[in-house]
Each structure stands twice: as C-alpha cells, then as structure tokens.
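Participant: In the numbering used here, the protein residues as written are 2 to 261. Ideal placement from N, C-alpha and C gives every residue a C-beta, glycine not left out. Since this is a predicted model, take the numbers as computed values, not measurements.
1. My parser needs the alpha helix (DSSP H) runs of 4 or more residues fully inside the stretch 65-149; what are they?
2. If we count Cβ pairs, one from each stretch, closer than 8 Å, do we get three or more for the stretch 158-172 versus the stretch 41-48?
3. Spatial neighbours of residue 105 within its chain, please: C-beta separation below 7 Å, excluding the five flanking residues on both sides.
4. By the three-class DSSP mapping on this structure, what secondary structure does residue 208 have?
5. What residue range does the beta strand (DSSP E) around residue 49 cover?
6. Fully enclosed by the stretch 219-260, which alpha helix (DSSP H) runs are 4 residues long or longer?
7. Note the first and the last residue of the continuous beta strand (DSSP E) segment covering residue 182.
8. What's the gap between the Cα of residue 128 and the Cα of residue 111?
9. So for residue 196, helix, strand or coil by DSSP?
10. So residue 108 and residue 193 are in contact, right, with Cβ under 8 Å, and what is the actual spacing, rounded?
11. How is the beta strand (DSSP E) around residue 15 delimited, first residue to last?
12. Could you name the residues of the same chain whose beta carbon sits closer than 7 Å to that of residue 228, not counting the 5 residues immediately before and after it, in chain order?
13. For the alpha helix (DSSP H) that residue 164 lies in, which residues bound it at each end?
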C-alpha cells in the first residue's frame, strides 16, 4: 500500500510523490525510502510514497508497473479532498528504477491516445528530481551490471523485440516533456553510470527542457536517499528549488532546515 505523510502546520502543503527503486523487482519495496519521505515531511512536504506492481507480481512489468504509478500520482486529486495538499506544487522524486518512473511520470503527457499507458488528464507536475535515475531504458538494457538485465523483464523483451514499448516507457524517447527536471548522480555509483544522467540532461536541454544535472563526486548509489549522508542537503535543495518562490519562503519560515 502507498504511504502518506503530512507535515504539521496550517495551510496547504506542497507534495512530494516518492517512487522507490529496486530494479523494478518485487523483492524491493517502498520501505527503504521511509527515511527520505520522513525527512521531506519535516521540511514541509506532504509525501505520497507509491507502491506498485513490480516484476514478479501478477500484472507487474509492462504495462502494469507504469499504469500503477500513473494512477497513484493522479490519486492525489482524491487525497486533496481530505488532506491539505497544494496540487499546484507537486513534484516527483524517485531513486534508481524509481528515478526512471519519476521522469516517466512527467513525460507521459507526450504519449499518444492509442498507448496502453495513456491517461487523459495527468496531474500537472511542478518538477522531477531523479536520484541516480535510469533515464534511457534501451541503453541501460544493453550494458552489464547488477540491475541492467531487469529492463528486459520489465519491458517483456529487449528493444529490438518491442521498440514501441520502449518508445512509450523510456523518458529519453519522450523528450521534450515541458517539466523542470533535476538529475542528481553520484560519481561513485556502481549501479547506474554517470552517462545515464549526462546523456539525458544534454538531450533534454537540446530539446528545450529545463533539465539540470548535479554530479556529486563522493556519492555512491544509496547516499542520495540517506538523509543523514553528507550529500542530503543537495537532494533537499533540488526539491525546494522546484517550488514557487512563495512556497519556498513559506517552508523556510515554517519548516527551517536543521543541522545534522
């Protein structure tokens, strides 16, 4: 089940939709993102941490995994009837395979009506933060590594077998998306190579998107989701930067940063 956390204080809160990674496989769940979600809630974000069908679950993989995160994000409209959420200030933050899904949630506005992944009225997003995000599924599937083979399982085949699926599910093939994107990448990441972020950022920028990459020399794969790591302040700053100036000032006053 998804998890929802709301900060203390009056007024409508900006929302961070949190998408976990784990190679899209069902042995990994949203639990490892709990500390990240709690840290963002302390800074004034209402957090909506998604769970979804993954490879190994009935209906997981193509297209169910992507359909689930889309439905989960759009469900914020229902949650806003009960909780004080500011639906004009919604961002998505995802890690690794969840970074892929986060970027895709912004890109799904580019899908044709004929797509199995199409939804008629996607919830507008203020921006996306991808932490070690897998932005190009085709390229990642062709490389060796601990998570790379999972792309074939997610998509039901390699790009040569299902080019139309990759065209609809890979953020790199849906540019431009028209939503600000911040890609944070550890230079010491052994699971997602730096070139995933550099190539995607260059392509997104060339297509006219507001896409920026932050390369963190000392960071590995999981440092980016650890609120007590030395690099967490950069993750927090990326999230805050996507909000309106007014909302940033409100959070700075009501939920100031604390020293770690």
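Facilitator: Result, derived from the coordinates:
1. For the stretch 65-149, whole alpha helix (DSSP H) runs of length 4 or above, ordered along the chain, are 65-75, 77-80, 98-108, 138-142.
2. Three or more Cβ pairs closer than 8 Å define a contact, and the stretch 158-172 falls short of that threshold against the stretch 41-48.
3. Within the same chain, Cβ atoms closer than 7 Å to the Cβ of residue 105 are found at 67, 170, 172, the five residues on either side in sequence being excluded.
4. Of the three classes helix, strand and coil, the one that applies to residue 208 here is coil, per DSSP.
5. Run containing residue 49: 47-51, per the beta strand (DSSP E) assignment.
6. If we require 4 residues or more, the alpha helix (DSSP H) runs fully inside the stretch 219-260 come out as 233-242, 246-255.
7. Note, residue 182: beta strand (DSSP E), 182-187.
8. Approximately 16 Å between the Cα atoms of the pair.
9. If DSSP states are grouped into helix, strand and coil, residue 196 belongs with the helices.
10. About 18 Å separates the two Cβ atoms, so there is no contact after all.
11. Per DSSP, residue 15 belongs to the beta strand (DSSP E) from 14-20.
12. Around residue 228: 36, 37, 40.
13. For residue 164, the enclosing alpha helix (DSSP H) starts and ends at 164-170.
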